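The block underneath contains the structure these notes are about, expressed in structure tokens.
2 protein chains.
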Amino acid sequence: MSGSAPAPIVAVDVVIFTIDGGRMQTLLVQVPDGPCAGAWAFPGGIVGPEESLEEAARRELRARTGLRGVYLEQLRTFGDPDRDPQARVVSTAYVALIAAKTNGARRGRYADVAWVPVDRLPRLAYDHKAMARAAVERLRAKLAYTNIVYGLLPPTFTLSELQRIYEIILGRPLDRRNIRKKLLASGLLCALERQRRGAHRPAALYRFAHRRPVVVRML
Amino acid sequence: MSGSAPAPIVAVDVVIFTIDGGRMQTLLVQVPDGPCAGAWAFPGGIVGPEESLEEAARRELRARTGLRGVYLEQLRTFGDPDRDPQARVVSTAYVALIAAKTNGARRGRYADVAWVPVDRLPRLAYDHKAMARAAVERLRAKLAYTNIVYGLLPPTFTLSELQRIYEIILGRPLDRRNIRKKLLASGLLCALERQRRGAHRPAALYRFAHRRPVVVRML
DNA sequence: TCAAAAGTGTTGGCATTACACCCATGA
DNA sequence: TCATGGGTGTAATGCCAACACTTTTGA
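Chains as they are written, first to last, in numbering that gives the first Met the number 0: chain A, 0 to 218; chain B, 0 to 218.
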């Protein structure tokens, strides 16, 4: 059992997505030490002895954003022996979705923290480039057959805002009338009394009937 | 970093599916020792210091079945602190698909090894019940939008055999004409010259154009 | 000749797409 | 009043599901 080779370190990394400024953004941190010091990476940390993987991911998420009760799902586990030059680290990646403006990126133990558009990612440490690809793919795919967009939206929103989020993530325009029909027919939305007043005609506000993941054909 | 708590053990488990006797079957082993000794579980093992997770899963698969070059994909990682009563074990589960009759279940370090229909699973050790559920769900879902059935079929097969596999896994009958149209139109199959002669009218034999995972709408 | 599986096309319904005009508001 | 985004219905198309009879073989 306990041979001479050191036991692998078990860690989690969290790819946190938000939509802001018309773009998909992720939270990156600067690796504080080791051979990769200064490089950008997704925030992560070692899993505590009494903690589940998801708990560790939520802890890290909370440390970076101050948020709890956020949508979080396991992506996959990266465990190649040489993925971290410093030690054998097996890391389970999670994807988290948060609404724009709810976040104030917190440095904590990191030198710096930044929201970066996913189409402008810098060179990333470890195998985090592959992690980023996998996370974006997963998000795109799951938008089509689940209601997880709710994670990216504030409690109330207009149909146009919802449509815009789909368009940003999928990278293509959607027909307003068609998507409204589908969304309203899905039964997942509740119309509110209130309206959002902006520079132009006010828009009806909606909320999600439940903020829990459901598999439903959305697109 | 290295506190007093022992580092978690990093392991893999493999859920091996095959279709035989008109049923989905999985390979189970009897846990050799520890508090769960005698209970059934999916075969698994500790990840070696120089091994990737997938390599460890392939090694285990080969040790149990003698097979290599098999379809294998990561399912997810199970890491609850109390999932194994004996030690903290973080285990990444894999799903493997093999063709019937290509396997001779090998005991190795286990007391016993058996192919068991997935709808007749005994009580399983650890959190392997959840693992089984997740594996079956994944397989069902992925059949619809990828060509991974090839993993369950021998090199050549008839369209009826292919249809039968879909029916067994999905648990519902499929229309012969409709599925033939889709399969032949998909361009994934090559018709062979040979025919399979059985008790009745001979059937045309086919093979897959490539035995690599491709995302294609199949159902 | 009979039983059992292989093989083959057409049709109707449903879902998806494409598309254009009027409305309400703030500036 | 004008610019901007909000709100709405219909028609054409393509996709999918339902459906029955003939063929070939071994027994």
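All residues carry an ideal CB built from backbone N, CA and C; glycine is no exception.
From a predicted model like this one, the values you see are computed outputs, not experimental measurements.
Are residue i and residue j closer than 8 Å when you measure CB to CB?
i        : j        : result
B/Thr76  : A/Leu182 : no
B/Pro42  : B/Glu59  : yes
B/Thr155 : B/Val213 : no
B/Val13  : A/Val9   : no
A/Tyr194 : A/Arg175 : In the sequence under discussion, the amino acid at residue 194 of chain A is Gln, which differs from the Tyr named in the question. For A/Gln194 and A/Arg175, no; Cβs fall outside 8 Å.
A/Arg179 : A/Leu191 : no
B/Tyr70  : B/Gly20  : no
B/Val215 : B/Leu169 : no
B/Ala143 : B/Met217 : yes
A/Ala95  : A/Phe16  : yes
B/Leu138 : B/Ala131 : no
B/Arg108 : B/Pro31  : yes
A/Ile18  : A/Ile167 : yes
B/Ala36  : B/Tyr125 : no
B/Leu152 : B/Ala98  : yes
A/Val148 : A/Thr25  : no
B/Val11  : B/Ala56  : yes
B/Leu66  : B/Thr91  : no
A/Pro80  : B/Glu160 : no
B/Leu27  : B/Val115 : yes
A/Phe33  : A/Gln85  : Checking the sequence shown, residue 33 of chain A turns out to be Gly, not Phe. It is a contact, given that the beta carbons lie within the stated cut-off.
A/Ala203 : A/Cys189 : no
B/Pro7   : B/Arg87  : yes
B/Arg105 : B/Thr64  : yes
A/Gln29  : A/Asp111 : yes
So what does DSSP say about residue i, is it helix, strand or coil?
i        : result
B/Gly219 : Here chain B comprises residues numbered 0 to 218, so residue 219 of chain B is not present and cannot be evaluated.
A/Gln162 : helix
A/Ser90  : strand
B/Leu26  : strand
A/Val69  : coil
B/Thr64  : helix
A/Ile167 : helix
B/Leu138 : helix
B/Arg119 : helix
A/Ile97  : coil
A/Arg58  : helix
B/Leu74  : strand
A/Ala40  : strand
B/Gly2   : Residue confidence for B/Gly2 is low, a pLDDT of 48 falling below 50, so the modelled location carries little weight; the figure read from the coordinates is stated next. Of the three classes helix, strand and coil, the one that applies to B/Gly2 here is coil, per DSSP.
Quick check on the DSSP output: the alpha helix (DSSP H) that includes residue i runs from which residue to which?
i        : result
A/Val112 : No alpha helix (DSSP H) contains A/Val112, which is instead part of the beta strand (DSSP E) from 112 to 116.
B/Leu182 : 175 to 184
Counting along the chain, where does the beta strand (DSSP E) carrying residue i start and finish?
i        : result
B/Ile18  : 8 to 19
B/Leu188 : 188 to 195
B/Ala203 : 202 to 207
B/Gly107 : Premise fails: B/Gly107 is in no beta strand (DSSP E) and is neither H nor E.
Would the C-beta of residue i count as close to the ligand SAH, meaning under 7 Å from any of its heavy atoms?
i        : result
B/Arg108 : Absent from the structure shown: the ligand SAH. Ligands present: none.
- Could you list the residues in the region 49 to 80 of chain A with a C-beta less than 7 Å from some C-beta on chain B, going in chain order? Cβ contacts with chain B come from Glu49, Glu50, Ser51, Leu52, Gln73, Arg75, Thr76, Gly78, Asp79, Pro80.
- What residues in the region 6 to 24 of chain B bring their beta carbon closer than 8 Å to a beta carbon of chain A? Ala6, Pro7, Ile8, Val9
- Using a Cβ cut-off of 9 Å, which residues of the region 90 to 103 of chain B contact any Cβ in chain A, in chain order? Thr91
- Message: Residues of the region 133 to 160 of chain A in Cβ contact with chain B at a cutoff of 8 Å, in chain order, please.
- Response: none
- Using a beta-carbon distance cut-off of less than 8 Å, what residues from the region 177 to 193 of chain A approach chain B? none
- Message: Which residues of the region 103 to 124 of chain B have a Cβ closer than 9 Å to any Cβ of chain A? Give them in chain order.
- Response: none
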